[in-house]
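Adding 116 to a residue's 1-based position in the sequence shown gives its number in our numbering.
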Amino acid sequence: MTHGIRPDTHTSPVGGGGGRRDTATHYALLPLRLFLGITFVYAGLDKLTDSAFLQDGGSGSVGDMMRTVRDSSAIPALVDLALENPVAFGTAIAVGELAVGIGTLLGLFARLAALGGALISLSLWLTVSWASDPYYYGNDLAYLMAWLPLVLAGAPYLSVDAALRARRRGRIRDADSV
Numbered sequence: 117m118t119h120g121i122r123p124d125t126h127t128s129p130v131g132g133g134g135g136r137r138d139t140a141t142h143y144a145l146l147p148l149r150l151f152l153g154i155t156f157v158y159a160g161l162d163k164l165t166d167s168a169f170l171q172d173g174g175s176g177s178v179g180d181m182m183r184t185v186r187d188s189s190a191i192p193a194l195v196d197l198a199l200e201n202p203v204a205f206g207t208a209i210a211v212g213e214l215a216v217g218i219g220t221l222l223g224l225f226a227r228l229a230a231l232g233g234a235l236i237s238l239s240l241w242l243t244v245s246w247a248s249d250p251y252y253y254g255n256d257l258a259y260l261m262a263w264l265p266l267v268l269a270g271a272p273y274l275s276v277d278a279a280l281r282a283r284r285r286g287r288i289r290d291a292d293s294v
């Protein structure tokens, strides 16, 4: 048996003599997780409670927005698909944003939630903000890039996922000692 450091073994820098730098590294993704989680919960709730947004047409509606961006999007066929039922599309985006935000804040299925956030951001970049010129004026690409570290790392600390992982490890240790 080799005695090396396993990649799934984490030592806590808090109280472990690691210092401030280790503590900062330990929690480096937490501000990003909070920002994206809060932003996506807010975006989802804002869409679901905006009576103008969840309409087929009219000022501020998802239908008019989709018709406006159709010819300038990277994938007009994706916009055409959304235009088949704009209200259902808008509702799906809003509910998806809400689920992603809650999952991210709680750290529940964190990688899956982050992947959902990345896919929502990618779809909005390829449709709604594709024509932004220069590209950095569109925020959807920046959101897509912000989700990627959370897709890779998940929520290893201060999360439901971490609590469940610790609970499983406790059961395994208890079973090994019997």
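Backbone N, C-alpha and C fix where the C-beta goes; we use that ideal spot for every residue, glycine too.
Enclosing alpha helix (DSSP H) for residue i [first to last residue]
i, result
"Ile154", "Leu146 to Thr165"
"Tyr259", "Asn255 to Ala269"
"Ser248", "Taken as a continuous stretch (DSSP letters only), Ser248 belongs to no alpha helix (DSSP H), as it is neither H nor E."
"Glu200", "First-last for Glu200: undefined, no H or E at that position."
"Leu297", "Because the chain spans 117 through 294 in this model, residue 297 falls outside it and cannot be assessed."
"Ala140", "Gly135 to His142"
Cβ neighbour criterion (16 or more within 10 Å) applied to residue i
i, result
"Arg289", "exposed"
"Ile236", "buried"
"Pro189", "According to the sequence shown, residue 189 is Ser rather than Pro. So Ser189 ends up on the buried side."
"Glu213", "buried"
"Phe156", "buried"
"Thr243", "buried"
"Asp249", "exposed"
"Ile209", "buried"
Check: residue i C-beta below 6 Å from any heavy atom of the ligand FMN
i, result
"Pro192", "Ligands displayed in this structure: none; no statement on the ligand FMN is therefore possible."
Reduced DSSP category for residue i - H, G, I as helix; E, B as strand; rest coil
i, result
"Ser188", "helix"
"Leu194", "helix"
"Gly176", "coil"
"Ala206", "In the sequence as presented, Ala is not what sits at residue 206; that position holds Gly. Helix, per DSSP."
"Leu221", "helix"
"Ala168", "coil"
"Leu214", "helix"
"Arg285", "helix"
"Leu280", "helix"
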